Amino acid sequence: MTNLVIAEHTNDALSDATAKTVTAAVALGGDVHVLVAGAGCGAAADAAAKIDGVAKVIKADDAQYDHGLAEPIAALVVSLAGGYDAILAPATTRGKNVAPRIAALLDVMQLSEITAV
Numbered sequence: 214m215t216n217l218v219i220a221e222h223t224n225d226a227l228s229d230a231t232a233k234t235v236t237a238a239v240a241l242g243g244d245v246h247v248l249v250a251g252a253g254c255g256a257a258a259d260a261a262a263k264i265d266g267v268a269k270v271i272k273a274d275d276a277q278y279d280h281g282l283a284e285p286i287a288a289l290v291v292s293l294a295g296g297y298d299a300i301l302a303p304a305t306t307r308g309k310n311v312a313p314r315i316a317a318l319l320d321v322m323q324l325s326e327i328t329a330v
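Under my numbering, the first residue of the sequence shown is numbered 214, with each subsequent residue one higher.
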């Protein structure tokens with residue numbers, strides 16, 4: 214089993230919500246990969262690599278991801294989705310914006326507001 218976590222960050226640093234989401238992904242079992250999408254997001258990607266349980270960090274450093282808009286990030290996640298059993302996003306404004314789009318594009322059910330695994 215391999216799980217993908219969509220990181221929330223400011224390009225310079227990860228949000229605490231990302232680490233909490235990684236904890237949930239680890240509890241599901243299997244490898245945990247973290248997607249860091251942004252413009253100039255190297256520092257956030259480096260921070261993601263230091264979180265316990267993270268096996269791989271995917272850095273998508275491009276201007277189209279600079280403002281964290283749901284549409285380009287959802288398209289990116291869908292392009293990566295084939296290799297993952299679960300895709301997790303923090304329960305934040307950004308996570309709640311992108312997750313339904315990903316679920317719709319993949320024609321899968323979304324589970325929201327998970328409090329325990």
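Ideal placement from N, C-alpha and C gives every residue a C-beta, glycine not left out.
Note that the coordinates shown come from a computational prediction; the quantities given were computed from them, not determined experimentally.
### Task
Mind checking which residues open and close the beta strand (DSSP E) that includes D229?
Stepping through the sequence shown from its first residue, residue 229 is reached at position 16. That residue, D229, is in no beta strand (DSSP E); its alpha helix (DSSP H) goes D229 to L241.
### Chain-order list of residues whose beta-carbon lies under 7 Å from that of A240 (same chain, five-residue window excluded)
Here residue 240 corresponds to residue number 27 of the sequence shown, with the count starting at 1. Within the same chain, A240 has close Cβ partners V330.
#### Entry: Distance, A276 Cα to P162 Cα
Here the chain has residues from 214 to 330 only, and residue 162 is not among them.
### Task
Tell me whether the beta-carbon of A230 lies closer than 8 Å to the beta-carbon of T305.
Start at 1 with the first residue of the sequence shown, and residue 230 comes out as number 17. Start at 1 with the first residue of the sequence shown, and residue 305 comes out as number 92. Contact: yes.
### L301, buried or exposed, once every other Cβ within 10 Å from all chains shown has been counted against 16
In the sequence shown, the residue the question calls residue 301 occupies position 88. L301 sits buried, since 16 or more C-beta atoms from the chains shown fall within 10 Å of its C-beta.
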